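Everything on this sheet refers to the single structure shown next.
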Amino acid sequence: MGKAVPTSGFQVLMSDIIPPPEVIYVDSHKVACNGGGGALGHPLTYYELGEDGTAECGYCDRKFVHQDHAHEYVDPSPRPEGEH
Ligand SMILES: [Zn+2]
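Encoded structure:
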């Protein structure tokens, strides 16, 4: 807020932007996905999370991440500059 953002002269066609796959955090290594039902739905399918604690739905590209692995995605620790 308070920072001016130019909106004119820069138009983005939202329909051209593909939203990133939804990430769903789970506390089980077995998940089920039906795409949320409705028009975007698909047959109920079960997945088992892999060794990395993630699984991806082959129908709707949703990504399931186990909570134990969630920190790798939602809270990346910043790397101090100037250090290796
Ligand atoms: Zn799905």
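Numbers given in my numbering equal positions in the sequence shown, counted from 1, plus 25.
Every residue gets a Cβ at the ideal spot worked out from N, C-alpha and C, and that includes glycine.
Being a predicted model, the structure only gives us computed values, none of them experimental.
Any idea what DSSP makes of residue i, helix, strand or coil?
i: residue 94; result: helix
Using 6 Å as the cut-off, classify the Cβ of residue i as near or not near the heavy atoms of ligand 1, replying yes or no.
i: residue 63; result: no
i: residue 84; result: yes
i: residue 75; result: no
Rounded to the nearest angstrom, what separates residue i and residue j at their Cα positions?
i: residue 95; j: residue 106; result: 24 Å
i: residue 61; j: residue 82; result: 12 Å
i: residue 69; j: residue 55; result: 13 Å
i: residue 92; j: residue 58; result: 17 Å
Would you list, in sequence order, the uninterrupted beta strand (DSSP E) runs of no fewer than 3 residues that lie entirely inside the region 53-90?
55-58, 70-73, 79-81
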